[in-house]
Amino acid sequence: MDFDLSKPQKLLKESAREFLARECKPERVRALMETETAHDDGLWQAIADQGWLALLVPEEHGGLGLGLVEMAAVAEEMGRACLPGPFLSTLFATALIERAGSAEQRAKYLEPIAAGELRATVALLEEGASWDTESAKLKAQREGGSFRVTGRKLFVNDAETSNLLICVALDGDGLALLPVERGAGGVSIKPMASMDGTRKVYEVSFEGVSVPEADALGADGDARGALNGALEVATTALCAEMVGGMQWVLDTAVEYAKTRQQFGRAIGSFQAVQHQCADMLMMTESARSAAYYAAWTLTENDPAASVAVSIAKAYCSDAYREVGNRGVQVHGGIGFTWEHDLQLYYKRSKSSETLFGDATFHRERIACLVVDKEKN
Amino acid sequence: MDLNLTPNEQQFRDEFRAWLKANVPSEWKGGQLGSEDREDYIKYLRDWQRVLYEGGWAGISWPKAFGGRGATLMEQAIFQEELARANAPQLIGTIGLSLVGPTIIALGTDEQKARYLPKILSGEEIWCQGFSEPNAGSDLAALGTKAVRDGDDFIINGQKIWTSFAQLADWCLLLVRTDAEAPKHKGITCLLLDMRLEGIAVRPLRQMSGDSGFNEVFFSNVRVPVGQVLGEINKGWTTAITALMNERANLGTGVQVVFKRNLEALIARSRTVERQGRPASEDPLVRQKLAQAFLELEILRLNTNRALTSLSKTGIPGPEGSTLKLYWSEMNQRTQQTAQEILGPYGQLKEFDNGLWEYAYLRSRGNTIEAGTSEIQRNIIAERVLGLPKSY
Numbered sequence: 046m047d048f049d050l051s052k053p054q055k056l057l058k059e060s061a062r063e064f065l066a067r068e069c070k071p072e073r074v075r076a077l078m079e080t081e082t083a084h085d086d087g088l089w090q091a092i093a094d095q096g097w098l099a100l101l102v103p104e105e106h107g108g109l110g111l112g113l114v115e116m117a118a119v120a121e122e123m124g125r126a127c128l129p130g131p132f133l134s135t136l137f138a139t140a141l142i143e144r145a146g147s148a149e150q151r152a153k154y155l156e157p158i159a160a161g162e163l164r165a166t167v168a169l170l171e172e173g174a175s176w177d178t179e180s181a182k183l184k185a186q187r188e189g190g191s192f193r194v195t196g197r198k199l200f201v202n203d204a205e206t207s208n209l210l211i212c213v214a215l216d217g218d219g220l221a222l223l224p225v226e227r228g229a230g231g232v233s234i235k236p237m238a239s240m241d242g243t244r245k246v247y248e249v250s251f252e253g254v255s256v257p258e259a260d261a262l263g264a265d266g267d268a269r270g271a272l273n274g275a276l277e278v279a280t281t282a283l284c285a286e287m288v289g290g291m292q293w294v295l296d297t298a299v300e301y302a303k304t305r306q307q308f309g310r311a312i313g314s315f316q317a318v319q320h321q322c323a324d325m326l327m328m329t330e331s332a333r334s335a336a337y338y339a340a341w342t343l344t345e346n347d348p349a350a351s352v353a354v355s356i357a358k359a360y361c362s363d364a365y366r367e368v369g370n371r372g373v374q375v376h377g378g379i380g381f382t383w384e385h386d387l388q389l390y391y392k393r394s395k396s397s398e399t400l401f402g403d404a405t406f407h408r409e410r411i412a413c414l415v416v417d418k419e420k421n
Numbered sequence: 002m003d004l005n006l007t008p009n010e011q012q013f014r015d016e017f018r019a020w021l022k023a024n025v026p027s028e029w030k031g032g033q034l035g036s037e038d039r040e041d042y043i044k045y046l047r048d049w050q051r052v053l054y055e056g057g058w059a060g061i062s063w064p065k066a067f068g069g070r071g072a073t074l075m076e077q078a079i080f081q082e083e084l085a086r087a088n089a090p091q092l093i094g095t096i097g098l099s100l101v102g103p104t105i106i107a108l109g110t111d112e113q114k115a116r117y118l119p120k121i122l123s124g125e126e127i128w129c130q131g132f133s134e135p136n137a138g139s140d141l142a143a144l145g146t147k148a149v150r151d152g153d154d155f156i157i158n159g160q161k162i163w164t165s166f167a168q169l170a171d172w173c174l175l176l177v178r179t180d181a182e183a184p185k186h187k188g189i190t191c192l193l194l195d196m197r198l199e200g201i202a203v204r205p206l207r208q209m210s211g212d213s214g215f216n217e218v219f220f221s222n223v224r225v226p227v228g229q230v231l232g233e234i235n236k237g238w239t240t241a242i243t244a245l246m247n248e249r250a251n252l253g254t255g256v257q258v259v260f261k262r263n264l265e266a267l268i269a270r271s272r273t274v275e276r277q278g279r280p281a282s283e284d285p286l287v288r289q290k291l292a293q294a295f296l297e298l299e300i301l302r303l304n305t306n307r308a309l310t311s312l313s314k315t316g317i318p319g320p321e322g323s324t325l326k327l328y329w330s331e332m333n334q335r336t337q338q339t340a341q342e343i344l345g346p347y348g349q350l351k352e353f354d355n356g357l358w359e360y361a362y363l364r365s366r367g368n369t370i371e372a373g374t375s376e377i378q379r380n381i382i383a384e385r386v387l388g389l390p391k392s393y
């Protein structure tokens, strides 16, 4: 057993850190946060040039065909840099297309995604705001060889900057995964101003939007299974990203505790402050174990993967928030100013907490898999 | 990263699993015990260690030259996991096997190795660890039990406390002060002490759980030959650190054994107690708490595996390793509270599930105190891992 990154994985992680330290400095995060989309074409192309958009794309479609552990290593660094923009939403869509798409559809979408030419997002949530696929109620009406959709999707990540939007709709008891291209008739997109400005969410309205049946993803297979699988991939990448965020908060708080003087000594020499930092370390490392375990089990198609993903998200959701709380507390007054970069991570921790289901959501999933085990 | 077992590890696992299947006593029901039947229980555990020893499965981490298997850290972890899976009894000679033996191997003379190691393995001699004193707990180096040189002997006077297994131990790894003038870390000596010597009195301390596992040990003019020193005179602090490193390294894998069984039993019980006329296992809040307990225990396993990887590769447990004891001790307290909430009044009964829940709840309270309090653990993490300035 070897629970550690391999040498190539470590190199990949280091190069991601160096790239982001250069290209995604806090000033740039702040500047993008203030924009309408948090997206920057130059940064996106640079990310594509790093190969990160191709990382999970199979080689036959111009990708690198690497696994979730590599993805997690890069995502951790993205979280550390608080990278703004549509990477995660595109990753979610990539995983969905890879699972649900026909060979033709995969070729059509995955190659431009890998090259950085196509950004995509998945529209799942509705008014009920729940991340389980059973809560998708928007109906896809079959009409003369096409699906017609009228209704709203909420909390859609990066809808404004995505060239492709995959709408999750109900087709009888099953799901229809409908690719809607940017500019399609009947689609309107409205920002939902939210706490975390680095990761924008939108309301997307469909007014008689028509998608040919033949274009639907997963039409001849298990669309719901594909969506659940893609959610697990995206959730795992998010968890790794959250670990990177926690690490930044921890490092920053410890550095501050070493330098800030009160009563003639560094505040980090007081046990009350030390113990906050020790707890932050324990939570960060535990989150890291959980996130990489989820990544590994998914890559290996391990039967424990679903439980592992929910363990990771339940733990990371609580832990990032708590690490953020303590990070602010250690900093005192400066910690809750607009000026200090902690605010970026503090807000990211909150948006990450709910994205793809919060701790309560994932604990219930664990209960279904573990407590109900013998019954099923 | 590869979380699968290597072929060698698999072979080790399969071999031990098959051996356990053939050798775990069929009447053994598993679980923890209350205070009743204590003597029977102890005899039972002595017999069990003898069986392990004869099968070649005692002290697996020890080098082959000293009767061990030279098992890797991963194999040691597998060993613990398999014990859990087989619901096997615990090892009564655990202090000898995991703490005293490795310290004798590291620092003992050839005579000491030949004299003590075989009987630690076989369980014929049980050891205890005489470290803590009433005024030297977290600040262990402040210990004051005195050993005064008299010819070829030391004469010992003083008191130890919280000494696990002292009530049945044959031997004690004892820290004494041999130089009162030297700085506190430089006047300590480590002795291998025969617990049957004249002048030793053991007084069991009953824990709130009813256990008599802890003891006070009083020394009144106990005469010990100088040849019983382990390591060097006045260099006992080095011996103590060697021993404690073994203690901390061992704690992580061992405790999972009990926790895993305990949580599985709790999940099963959650189906029999009720909430609003339905099994508690269907109550949303109970499900949340069970899931939390489950995920925390899984993360303990993962943190342990990461620490084992780091220890195997670098000889140093990574930052995740330094937090293991803090993590599991607080986790177990939360989980035992969850058990109490789910079981309601059953949780306090001494005969329900053989008193398992009442015992486990009370026993868990000591987890954040023994082997370094949570406060000391956090100090150590802050200073040694995070590099914060010393607080004292």
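As given, the protein sequences belong to chains A and B, one line each in that order.
Taken in order, the first sequence gives residues 46 to 421; the numbers are from my numbering.
Taken in order, the second sequence gives residues 2 to 393; the numbers are from my numbering.
All C-beta atoms, glycine included, are put in the ideal place defined by N, C-alpha and C.
What you are looking at is a predicted structure, and each value in this text was computed from that prediction instead of being measured.
- Annotation: the continuous alpha helix (DSSP H) that includes residue 81 of chain B extends over 74-86.
- The DSSP-derived three-state label of residue 306 of chain A is strand.
- In the pairwise beta carbon analysis, the region 265-284 of chain A is classified as not touching the region 302-310 of chain A: fewer than three pairs are separated by under 8 Å.
- Look at residue 128 of chain B here: in three-state DSSP terms it is strand.
- The CB of residue 243 of chain B never comes closer than 7 Å to any CB in chain A; the least such distance is about 25 Å.
- Any Cβ of chain B closer than 8 Å to the Cβ of residue 313 of chain A would place that residue at the interface, and such an atom is present.
- Using a Cβ-Cβ cut-off of 8 Å, residue 273 of chain B does not count as an interface residue toward chain A, since no Cβ of chain A sits closer than that to its own.
- According to the DSSP assignment, residue 361 of chain A belongs to the alpha helix (DSSP H) that extends over 350-376.
- Neighbours of residue 354 of chain A in chain B, taken as residues at a C-beta separation under 9 Å, are lacking, since the least C-beta distance is about 11 Å.
- Relative to the Cα of residue 185 of chain A, the nearest Cα in the group A:135, A:150, A:214 belongs to A:214.
- Look at residue 237 of chain A here: in three-state DSSP terms it is strand.
- Residue 160 of chain B sits in a strand when the DSSP states are folded into three classes.
- Residues of the region 372-392 of chain B with a C-beta less than 9 Å from any C-beta of chain A: 375, 376, 378, 379, 380, 381, 382, 383, 384, 386, 387, 388, 389, 390, 391, 392, listed in chain order.
- The beta carbons of residue 282 of chain A and residue 116 of chain A sit closer together than 8 Å.
- Taken through DSSP and simplified to helix, strand or coil, residue 322 of chain A comes out as helix.
- Residue burial annotation: residue 58 of chain A is buried, with at least 16 other C-beta atoms found within 10 angstroms of its C-beta.
- Just measuring C-alpha positions, the residue of A:79, A:217, A:181 sitting nearest residue 200 of chain A is A:181.
- Distance from the Cα of residue 65 of chain B is smallest, within the candidate group B:24, B:122, B:11, B:17, for B:122.
- Spatial neighbours of residue 368 of chain A in its own chain (CB-CB distance under 7 Å, excluding positions within 5 residues in sequence) are listed in chain order as 291, 294, 295, 325, 328, 329.
- Here residue 166 of chain A is near residue 207 of chain A, since their CB atoms are less than 8 Å apart.
- Residue-level contact by beta carbon fails for residue 365 of chain A and chain B, as no gap is shorter than 8 Å.
- Flagged as an interface residue toward chain B: residue 341 of chain A, by a C-beta distance shorter than 8 Å.
- Secondary structure of residue 189 of chain A (DSSP, three-state): coil.
- Using a CB distance below 9 Å, the part of the region 293-312 of chain A facing chain B consists of 295, 299, 302, 303, 310, 311, ordered along the chain.
- The C-beta distance from residue 54 of chain A to residue 102 of chain A rounds to 18 Å, too long to fall under 8 Å, and the pair is not in contact.
- Here DSSP, grouped into helix, strand and coil, assigns residue 399 of chain A to helix.
- Put simply, the backbone Cα of residue 172 of chain A is about 38 Å away from that of residue 66 of chain A.
- Taking 8 Å as the cut-off, the Cβ atoms of residue 389 of chain B and residue 319 of chain A count as close.
- The beta carbon of residue 323 of chain A sits closer than 8 Å to some beta carbon of chain B.
- Residue 343 of chain B is positioned such that its CB atom lies no closer than 8 Å to that of residue 272 of chain B.
- By the Cβ neighbour-count rule, residue 226 of chain B is exposed, with fewer than 16 other Cβ atoms within 10 Å of its own.
- Neighbours of residue 295 of chain B in chain A, taken as residues whose beta carbon is under 7 Å from its own, are 411, 415 in chain order.
- Of all C-beta pairs linking the region 219-237 of chain A to the region 187-205 of chain A, three or more are shorter than 8 Å, placing the two stretches in contact.
- In this structure, the straight-line span from the alpha carbon of residue 302 of chain A to that of residue 317 of chain B is close to 25 Å.
- Take residue 373 of chain B, set aside five residues on each side of it, and the residues of its chain with a beta-carbon closer than 7 Å to its own are 326, in chain order.
- Below the 7 Å Cβ cutoff, chain B contributes 2, 4, 306, 307, 310 as neighbours of residue 48 of chain A, in chain order.
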